[in-house]
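A.B. asks: In terms of UniProt numbering, the sequence shown opens at residue 1 and continues consecutively.
For each residue, glycine too, the CB sits at the ideal point set by N, CA and C.
Nothing here was measured: the structure is a model prediction, and the numbers come from that model.
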Amino acid sequence: MSLKNPGWPAELHRREISLRPYRRSDASRWSRLRRANEVWLSPWEPSPGGDWYKGHSVAAYKNMLKVFRKGAKAGTTWPFAICVHDELVGGLTVGNIVRRAFCNAYVGYWIDQEHAGRGITTTAMALVIDHALTTGRLHRLEVNVRPENEPSNRVVQKLGLRKEGLHPKYLYIDGAWRDHYGYAITVEDLNGERMIDRLERNFTVS
Numbered sequence: 001m002s003l004k005n006p007g008w009p010a011e012l013h014r015r016e017i018s019l020r021p022y023r024r025s026d027a028s029r030w031s032r033l034r035r036a037n038e039v040w041l042s043p044w045e046p047s048p049g050g051d052w053y054k055g056h057s058v059a060a061y062k063n064m065l066k067v068f069r070k071g072a073k074a075g076t077t078w079p080f081a082i083c084v085h086d087e088l089v090g091g092l093t094v095g096n097i098v099r100r101a102f103c104n105a106y107v108g109y110w111i112d113q114e115h116a117g118r119g120i121t122t123t124a125m126a127l128v129i130d131h132a133l134t135t136g137r138l139h140r141l142e143v144n145v146r147p148e149n150e151p152s153n154r155v156v157q158k159l160g161l162r163k164e165g166l167h168p169k170y171l172y173i174d175g176a177w178r179d180h181y182g183y184a185i186t187v188e189d190l191n192g193e194r195m196i197d198r199l200e201r202n203f204t205v206s
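Here you go:
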């Protein structure tokens with residue numbers, strides 16, 4: 001881990017679920033997953049413009065990886081691949097990391113539809129929260145979710161993140177400016193406990 005970006009690089013594990021930095025070898029699978037999940041993901045993700053199929057090519061992955069690695073080197077991003085038995089099934093990015101008096105970051109995630117509803121994303125989030133608020137030396141994490149995105153709202157609600165309010169017209173998604181609920185968690189909210197332990201005590205996670 002670097003002094004400029006404590007907490008990165010990192011690999012996080014819980015049973016068959018792991019988070020790790022993206023690899024060059026992930027390109028083909030990432031492209032296949034993202035292209036296959038257009039209908040599942042496009043209503044919830046910020047709109048980059050252009051054609052979804054072209055925007056999720058192997059070449060697009062290589063460009064994304066360069067951006068991610070540049071952000072990680074600068075200390076502003078932790079780009080995790082979500083894996084099950086070391087097979088890529090989604091992604092989770094801790095981004096817009098700000099240090100000094102703020103020590104805050106934003107978290108975004110996606111999961112392959114065939115792997116949704118199994119507790120994978122919730123476990124991944126719990127692992128990242130524990131890592132970010134300890135080793136990563138952050139004080140606060142934020143997650144913003146469209147009100148209509150029931151699966152993502154369930155993830156943060158299971159983890160007990162605090163709903164801080166509604167952000168009107170917050171992000172441009174799927175052709176329009178969309179409202180989002182803002183959720184957050186701080187070090188104090190954990191009260192010295194690990195989120196993954198709290199999650200597994202309260203829910204059956206597979």
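Are the Cβ atoms of Arg20 and Ala72 separated by less than 8 Å?
C.D. replies: No.
A.B. asks: Three-state secondary structure (DSSP) at Leu92?
C.D. replies: Looking at Leu92 - three-state DSSP - the assignment turns out to be strand.
A.B. asks: With a CB to CB cut of under 7 Å and the five nearest residues on each side skipped, what residues in its chain are close to residue 212?
C.D. replies: Examination of residue 212 is not possible in this model, given that the chain is present from 1 through 206 alone.
A.B. asks: Taking its Cβ as the centre, do 16 or more other Cβ atoms sit within 10 Å of Val128, making it buried, or is it exposed?
C.D. replies: The residue is buried, with at least 16 neighbouring Cβ atoms inside 10 Å.
A.B. asks: Could you name each continuous beta strand (DSSP E) segment of 3 residues or more that falls completely within the segment 25-55, going from the start of the chain to the end?
C.D. replies: Fully enclosed beta strand (DSSP E) runs of 3 or longer: not present.
A.B. asks: Taking the beta carbon of Leu159 as the centre, do at least 16 other beta carbons fall within 10 Å, making it buried, or is it exposed?
C.D. replies: Classification for Leu159: buried.
A.B. asks: Return the bridge partner residues of Tyr183 from the DSSP annotation.
C.D. replies: Partner(s): Val143, Lys163.
A.B. asks: Per DSSP, what kind of secondary structure is Arg154 in: helix, strand or coil?
C.D. replies: Helix.
A.B. asks: With DSSP as the reference, identify every bridge partner of Arg14, one or two as the case may be.
C.D. replies: BP columns for Arg14 point to Ile17.
A.B. asks: Please report the straight-line C-alpha distance between Trp30 and Glu87, rounded to a whole angstrom.
C.D. replies: Rounded to the nearest angstrom, the two C-alpha atoms are 10 Å apart.
A.B. asks: Can you tell me whether Ser152 is buried or exposed? The criterion is at least 16 other CB atoms within 10 Å of its CB, across all chains shown.
C.D. replies: Classification for Ser152: buried.
A.B. asks: Could you check how far apart the C-beta atoms of Lys62 and Ala27 are, in whole angstroms? I think they sit under 8 Å.
C.D. replies: About 6 Å separates the two Cβ atoms, so the contact holds.
A.B. asks: With a CB to CB cut of under 7 Å and the five nearest residues on each side skipped, what residues in its chain are close to Ala126?
C.D. replies: Answer for Ala126: Leu159, Met195, Ile196, Leu199, listed in chain order.
A.B. asks: How big is the Cα-Cα spacing for Arg23 and Leu33?
C.D. replies: Roughly 15 Å between the two C-alpha positions.
A.B. asks: With a threshold of 6 Å on Cβ separation, who are the neighbours of Cys83 within its own chain once the five nearest residues in sequence on each side are excluded?
C.D. replies: Same-chain partners within the cutoff: Ser18.
A.B. asks: If you draw a straight line from the C-alpha of Val205 to the C-alpha of Val98, how long is it?
C.D. replies: Here Val205 scores only 46 on pLDDT, less than 50, and its place in the model is too uncertain to base an answer on.
A.B. asks: For the beta strand (DSSP E) containing Tyr109, name the first residue and the last one.
C.D. replies: Unbroken beta strand (DSSP E) run through Tyr109: 104-111.
A.B. asks: If contacts are defined as beta-carbon pairs under 8 Å, then residue 207 and Ala184 qualify, I think. What distance do you get, rounded to the angstrom?
C.D. replies: The chain is shown only over 1 to 206; residue 207 falls outside these bounds and no answer can be derived.
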